[in-house]
Structures are given as structure tokens and as C-alpha cells.
Amino acid sequence: MRLSLRFIIPLMLALAGIAYAVAPLVDQLTLKWFVRDLDIRASLIANTIQEPLQEQLAAGKKLKIGGFFARITEDERLYAIGYCASDQATALVGRSMPKEIRCTDISRWEQPGDHLLHSTHGPLHVAVLPMASELSPTGKLVLVHDMSFVTRRSEETKRYVLFFFMGLAAVVSLITVIIAQLSWRGWMAGMRSLLRGEGLLRQPAAGATTELSEFKPIARDLQRLIRELEAETRARDESQITWTPETLRAMLHGELRGDDVIVVSNREPYIHQRRGDHIEVQRPASGLVTALEPIMRACSGTWIAHGSGSADREVVDRHDRIPVPPDKPAYQLRRVWLTAEEEAGYYYGFANEGLWPLCHIAHVRPTFRSGDWAHYVAVNRKFAKAVASEARTKAPIVLVQDYHFALLPKMIREELPDATIIAFWHIPWPNPESFAICPWGEDILKGMLGSSILGFHTQFHCNNFVDTVDRLLEARVDRESFTVSFGGKPTAVRRYPISIAWPPEPELMQKDVPTCRREIRQMNDLPAEHLVGVGVDRLDYTKGIVERFRAIERLLELNPEWIDRFTFIQIAAPTRSGIDEYRHHEEQVRAMAAHINGRFQRQGPPSIVLKVEHHDAREVYEHFRAADLCFVSSLHDGMNLVAKEFVAARDDERGVLILSQFTGAARELPEALIVSPYDADQCAAALHVALTMPAAEQRDRMRLMRGLVAEFNVFRWAGRMLLDAATMRRRSRLTRKGAGRVL
Numbered sequence: 000m001r002l003s004l005r006f007i008i009p010l011m012l013a014l015a016g017i018a019y020a021v022a023p024l025v026d027q028l029t030l031k032w033f034v035r036d037l038d039i040r041a042s043l044i045a046n047t048i049q050e051p052l053q054e055q056l057a058a059g060k061k062l063k064i065g066g067f068f069a070r071i072t073e074d075e076r077l078y079a080i081g082y083c084a085s086d087q088a089t090a091l092v093g094r095s096m097p098k099e100i101r102c103t104d105i106s107r108w109e110q111p112g113d114h115l116l117h118s119t120h121g122p123l124h125v126a127v128l129p130m131a132s133e134l135s136p137t138g139k140l141v142l143v144h145d146m147s148f149v150t151r152r153s154e155e156t157k158r159y160v161l162f163f164f165m166g167l168a169a170v171v172s173l174i175t176v177i178i179a180q181l182s183w184r185g186w187m188a189g190m191r192s193l194l195r196g197e198g199l200l201r202q203p204a205a206g207a208t209t210e211l212s213e214f215k216p217i218a219r220d221l222q223r224l225i226r227e228l229e230a231e232t233r234a235r236d237e238s239q240i241t242w243t244p245e246t247l248r249a250m251l252h253g254e255l256r257g258d259d260v261i262v263v264s265n266r267e268p269y270i271h272q273r274r275g276d277h278i279e280v281q282r283p284a285s286g287l288v289t290a291l292e293p294i295m296r297a298c299s300g301t302w303i304a305h306g307s308g309s310a311d312r313e314v315v316d317r318h319d320r321i322p323v324p325p326d327k328p329a330y331q332l333r334r335v336w337l338t339a340e341e342e343a344g345y346y347y348g349f350a351n352e353g354l355w356p357l358c359h360i361a362h363v364r365p366t367f368r369s370g371d372w373a374h375y376v377a378v379n380r381k382f383a384k385a386v387a388s389e390a391r392t393k394a395p396i397v398l399v400q401d402y403h404f405a406l407l408p409k410m411i412r413e414e415l416p417d418a419t420i421i422a423f424w425h426i427p428w429p430n431p432e433s434f435a436i437c438p439w440g441e442d443i444l445k446g447m448l449g450s451s452i453l454g455f456h457t458q459f460h461c462n463n464f465v466d467t468v469d470r471l472l473e474a475r476v477d478r479e480s481f482t483v484s485f486g487g488k489p490t491a492v493r494r495y496p497i498s499i500a501w502p503p504e505p506e507l508m509q510k511d512v513p514t515c516r517r518e519i520r521q522m523n524d525l526p527a528e529h530l531v532g533v534g535v536d537r538l539d540y541t542k543g544i545v546e547r548f549r550a551i552e553r554l555l556e557l558n559p560e561w562i563d564r565f566t567f568i569q570i571a572a573p574t575r576s577g578i579d580e581y582r583h584h585e586e587q588v589r590a591m592a593a594h595i596n597g598r599f600q601r602q603g604p605p606s607i608v609l610k611v612e613h614h615d616a617r618e619v620y621e622h623f624r625a626a627d628l629c630f631v632s633s634l635h636d637g638m639n640l641v642a643k644e645f646v647a648a649r650d651d652e653r654g655v656l657i658l659s660q661f662t663g664a665a666r667e668l669p670e671a672l673i674v675s676p677y678d679a680d681q682c683a684a685a686l687h688v689a690l691t692m693p694a695a696e697q698r699d700r701m702r703l704m705r706g707l708v709a710e711f712n713v714f715r716w717a718g719r720m721l722l723d724a725a726t727m728r729r730r731s732r733l734t735r736k737g738a739g740r741v742l
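Numbering-wise (numbering that gives the first Met the number 0), the sequence shown opens with residue 0 and increments by one.
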């Protein structure tokens, strides 16, 4: 009943408004009808009195004409009557004619119009008709009708219209209440049944043992048609979408209803480590994990990764699965186990001594060994089997992550021919000449072309990949649509610049900026007003940490006033320590920090504070919020999410970002101070500019960068890939239908 009243009251108000709007229109229409009737009546009167009037005019009986007119005006509606022999003559009237009507200006009453006169006597209708005679060829008869009766009837009409609409509202409301109460629940249940296909099935008779299901194919087609129509008509203008976990989840449910989503990566989002008699859960410091973990929370799929923690085997079930995150499970983590030999050959060997330096222009020579390649192939095959076992349908959506699994898309295609495979390459892609030195380059390209969609951070990397395929494989390359067809299967090559979750998690921003500034300075024995720069990286030679330290050294050489006033805190997470190049790099970084501190330290704090240790996300954000600047000096990088994390951390709109031109982020954040990490003088000048930049300029730059990171966040990155996958799946279904009809 409450729902019915919510409908009835607005309905009655709407009909009342219509009544008040319609009443004036009815009033005008009624007035026009009466005016037309009076014009006709005036003509009839003129025709009736024409002959006797002309006879009296011919006989010169002007006195009798007045009495004649007086008898005619006894009609209650005929207010006055007169005769004008000419425009200059004196009117002959039977009773007092309104002073507004005179023979001298009678011509205006002959013009087309309503001929209405609003006098002190009330509304009057004036009709002027020709009444020629031998004595007065231009004579005219003037008839004036009283229209007060029109006003009375107009008021009656308005009341009738209002009563009519009130009655109509009452009838419609009554019918609405009856229909709503009798059929609302049943109608909704019927529609749900129809959309499920149940409404198209005939109910079996009592006691029947079989169900007639001849309409089931029609029901399925109807359901499919409704879903496709909804998908086609849904807006696709990304500029109108605010991407959040809820947006992504709704998109997955709408576009990929019933489809399972599987992510494959080498690194797992949660690591279980044995610490004495208890197990500790860690989140690795990885840009890939930072980007993908919010996606999996949104889509509730399955993440397949290498189980590398010392307690990983202890916490999984018999299918090697564990729900994560630990505090609020949202998706399944499936762990794949590798032997020490497999990890050494696949991960440390081919992936990180071969592909990693091959794809990064950091002037480190790649190393290729046939034994490493054999392990790389075997591990990729092992992960392909895991994907097939975790797939709940024959056509899952599989997101393959990074250079550890270049062969995996093709292997998944062999296991699941109908799968939609999105492979994303998180590092740069080299030019064809550089890639050609890989002994198994063609196999890598063929493996990657098993993807439905292949994504890179920048268009430049897309171009390099297409050029490489064109140079090394017999494939059809369409540069207009950026599609590569190999083995009869098309692969779309697309640009998807990765980003971070927005807004940052509340626990990361829990401490305000003044608190972070105070605590970080106290932790490192720095004065309260000491200026601080920060760098956060894995201890990798591609991150340009040595070049960064050289720039700081050059700053102190050129601007000695910063000695004892500025300290740079470098957080360097250990990584791949089993590889000689990484061990040598760590030694070089430590030695250079010690050299600079020994050269410039006087009585104050050190110029560089080097922390070669893991920091969790909360600690990293505290350093970001405490710093006056962040220096990202990568020699070559796919995107670099540290730059975006620093921007996201600065809700105070302060701080300066110094960013290498060789990162993908430099193309998205031009408001940063863009530098070449190989130019120590340029980087030193940028450091000086950052340390002296006015607060207003910092705020203007940071606002622009924060706006971009907020709009182009990680949910948009994932949403664009999954929307493209959904479109591709619909086209594939239509193609199969068309082929079936042709056959």
C-alpha cells in the first residue's frame, strides 16, 4: 500500500497541474467559438432588418428608425444597434451606443480580428456590416452584443475541466492500486521465470514423470539475445566512467557473466614464511603485485603463482589452494611448486639473465644457456597444466603476466582452444635488431602470439613488437588495426598503461604528513627542518641507483650549501641475489654511498642513508609523505609505479617528483621534472630546483599529476583489457553462428 501511495500522490498532483494548464486553453477555444457565433448572428440580424431599414431611410423617417432599433435591442444579448450613412455622419442609434464606437473611426472595427471591446460596461462584441442604399451607398450597420454571458460560461467550463481531471485521477489511481496489489508480485516472478527460460516451458500435468522441453532452445536464445542487446547498448565512453573496484566488479558481472578469470604470474601476492614457531604472511614489494592484487579482489577469480615461501606448502589445501587476503578472503591463490633446478634455470637463468637484460637498455650483456631454456619451457608447460586444471569452463579469461611466461599463451591455447588469453608484458620490448640475438626468439614470438590480446605499457613498445614479428616470422601484420595473424589466429597488440589503485588504502594514509615528517627524521637522526629526498626501488641495475648517487654527488659539488642540510634516503629491496650481476651491483651501490658520505659529511647528518632491506607498503608510504622530493632515475623501465605511488601518497599536494625520461610514467606525468639519468649535471640541477621550488608551484604540479593518476588508475587498466576481451568474445560467438548458418 505504501508503494501504491508513492505512485498515486504524484499522479494526482500531475493531473491537477495538467488541469490548470489545460483550463486557459479551453477558455480561449470557447471564446473563439462564441465570437464566431456572434458574427453569424450579426449577419442574420442585418439580413433581416435590411429591407425595412432601407425603406424607412428612403422615406426619411429618421425618428421612426430610433424606435425600430429600440425594439430590436430588446434582445438581452444585443446591447446596441446603429447606422452610419458615411464615415463622417452622425450615428443613428436606438439606444446609447458606447462612446468608443463612432462613425468617424468605425473603419478599425472592419479590420480582421476578434472585434472585442472591453468597456466600462464589460466585454462587448462589435460587428460592422455594409448596409448600402440609394441615398447612402457607403452606409454601414453597427451591431454591438453583450458578452458578459461568455465570462459566466467560461468560469463554468474551468470548473468542469478541473472536476473532470480530478475524477480521472481518482479513477486511474484506483485502477493502479488494484492492478499493483493483484499482480505486482506475480508479474515480477513471471518475468524472472521468462528470463530464466522457465516461462517458455509447458508445465507437466499432475502425476506426469516427464517434462516437455521443446521450447528450451528458444529460451536459451532469448536469454542470449537479451544479454547481447544489453551489452551492445551499454555506454562505452570511458571518459564518463569513474573506475573503482565496484565499477570493475559490475563490469565483470555484466560483460563477462558466468566467465571465470584466471591470473598467472611468477610472483605470488602473499608469501607465508616460517618464523620460529609461527607463520608470518608477507606482501612482496613488486609493481606487478601492487597492480594486480586489487583486480583479483574485484573479480574473485583464481591467481596461479610460484609458491616460494618457506611455509607456503603448510597452509594450502590438498589442491594447493588457499583463500586470500588472509583477513578478508576474496579470491583463490593456487600455488605451483618448482624444484631448485627449475627455479635456477627458468627464473634466475633464462628469465633474468637472458630476457631481462635483453629487453632493458642498461648495457648489461644477456646470457643464454640451452639448459636454462629447457627449464623455461618445462616450467611454462607446468603452469599451462595448472591453468587447465583451475579453469571452471572451456572458455576462461586468462591474464598471463610478464616475461616469465612468454611461451604460456600458446600452451594454454593448446589445452583450452576457446580461452580468451590476455598476455601483458610489464617490461619494455626491444627493437628487432636487439631481440634477434636471442637464440630462441622465434619460439618466444610464437608463444606470445597464442594470445588473443597482447598488451604493452607504451605505443613505442607495441611498435617494436610488431616490427620484430614482421622481421622474424612469416605472419600477416595489419598496422592499421595493430593485429598480427599467425597460424590462422589473430592477436590484437594494444597499449594499456598500467597504474595503481585509487584512492590508496586507508591504512597507508593513516598518519598525517606532519607526523610522518617528524617520525622519519627522528628515525634517521635528522633535524626537524632537514630537507629529505627519497628513492624506493628493488636493488636492480636498471633502476639507475648508481646514476642517482652520482647526481647527488654533483649537486653537493655545485651547491655546497646543501651539505648538512639535505639527505637522500634510498630504500633498496634486495633482489635476485643469486645472480652475479646483481651481487656486483649491490656492492657498487654500497661503496658509492659510503664514498659520498665520507667526502661531504662534516658535523651534520650523512648525505645518503642507504637501507638495503624490505619495507612493507605502509613504511614506504610514510617515507613518501615525509619527503620533500622523490627521485626516480630508471635507465629503462616499462612504467615505474613508484612515481605514481609517490603522487598518490601526497594528499597534502606538496613534494616534487624527479622522473627519468626512460620510464613509461614520464609520458603520463609531464608535470614532474623530467631528466636523463645519464646526465649528472642535469639531474643535479633538477635536484636544486626541487629543493627550492615554491609551495604554490609544487601544489599546481601535484594537483595535475594526482588528477591523472586518479582517473587513469589500475581499475581502468584492467577494465580496458577485460572490455576488449568481452568484445572479442562476442564477435567470436557471432562468427561461429554465421559459419554454422553458411554450413
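For each residue, glycine too, the CB sits at the ideal point set by N, CA and C. Since the model is a prediction, treat every value here as computed from it, not as a measurement.
Simplified DSSP state of residue i, which is helix, strand or coil
i: W428; result: coil
i: Y346; result: helix
i: I177; result: helix
i: A387; result: helix
i: L628; result: strand
i: D145; result: strand
i: V323; result: strand
i: G198; result: For G198, the predicted structure reports a pLDDT of 48, less than 50, and the residue's modelled location is therefore unreliable. A value from the coordinates is still provided. Note: G198 maps to helix in three-state DSSP.
i: K31; result: helix
i: E292; result: helix
i: S675; result: coil
i: F382; result: helix
i: V363; result: coil
i: C358; result: helix
i: P502; result: coil
i: Y269; result: coil
i: A204; result: Low per-residue confidence applies at A204: pLDDT is 47, beneath 50, and the placement is therefore not dependable, though the value from the model is reported in the following sentence. In this structure, A204 counts as coil in the three-state DSSP scheme.
Per-residue burial, residue i [other beta carbons within 10 Å of its own, 16 or more giving buried]
i: H277; result: exposed
i: G543; result: buried
i: A339; result: exposed
i: D680; result: exposed
i: V260; result: buried
i: H583; result: exposed
i: P322; result: exposed
i: H374; result: buried
i: Q569; result: buried
i: D477; result: exposed
Contact set for residue i: own chain, Cβ-Cβ below 7 Å, skip 5 residues either direction
i: S731; result: none
i: E580; result: V363 and Y540
i: P328; result: P322
i: A385; result: I303, R333 and V335
Which listed residue (the options) has its alpha carbon closest to that of residue i
i: A550; options: A592, R516 and L707; result: A592
i: L658; options: L128, M727, T482 and A689; result: A689
i: L538; options: W501, H614, G487 and G486; result: H614
i: F714; options: V611, P559 and A290; result: A290
i: P503; options: A616, V674 and S309; result: A616
i: M410; options: W428, N379, W372 and K393; result: N379
i: I396; options: S433, G597, S299 and S135; result: S299
i: R248; options: A724, G718, R728 and A725; result: G718
i: P122; options: S132, S147, L140 and M130; result: S147
i: S132; options: R152, I100, Y82 and R317; result: Y82
i: S42; options: A84, A126, I174 and R478; result: A126
i: V315; options: Y269, L37 and N351; result: Y269
Neighbourhood of residue i by C-beta, 8 Å cutoff - its chain only, sequence neighbours within 5 removed
i: D319; result: G306, R333, R334, V335 and W336
i: A361; result: Y540, T541, L634 and H635
Residues of its chain near residue i, where Cβ-Cβ distance is below 6 Å and the 5 sequence neighbours each way are ignored
i: E670; result: R700, L703 and M704
i: R624; result: V512, C515 and A648
i: C682; result: A550 and V674
i: D236; result: Residue placement at D236 is poorly supported in this model, since its pLDDT is 49, which falls under 50; the coordinates still yield a value, given next. Hits under 6 Å: none found.
i: L686; result: L554
Practice prompt. Could you tell me whether the region 599 to 614 touches the region 509 to 516, where touching means 3 or more Cβ pairs closer than 8 Å?
Written response: Touching, no, given that fewer than three Cβ pairs across the two stretches are closer than 8 Å.
Discussion item. Using 8 Å as the cut-off, can you tell me whether the region 368 to 377 makes contact with the region 342 to 353, which would need three or more C-beta pairs spanning the two stretches below that distance?
Written reply: Proximity of the region 368 to 377 to the region 342 to 353 meets the contact definition, three or more beta-carbon pairs being nearer than 8 Å.
Item to complete: Evaluate contact between the region 581 to 588 and the region 627 to 634, counting only Cβ atoms and requiring at least three cross-stretch pairs below 8 Å.
Response: Remark: fewer than three beta-carbon pairs, one from each stretch, lie closer than 8 Å, so the region 581 to 588 and the region 627 to 634 are not flagged as touching.
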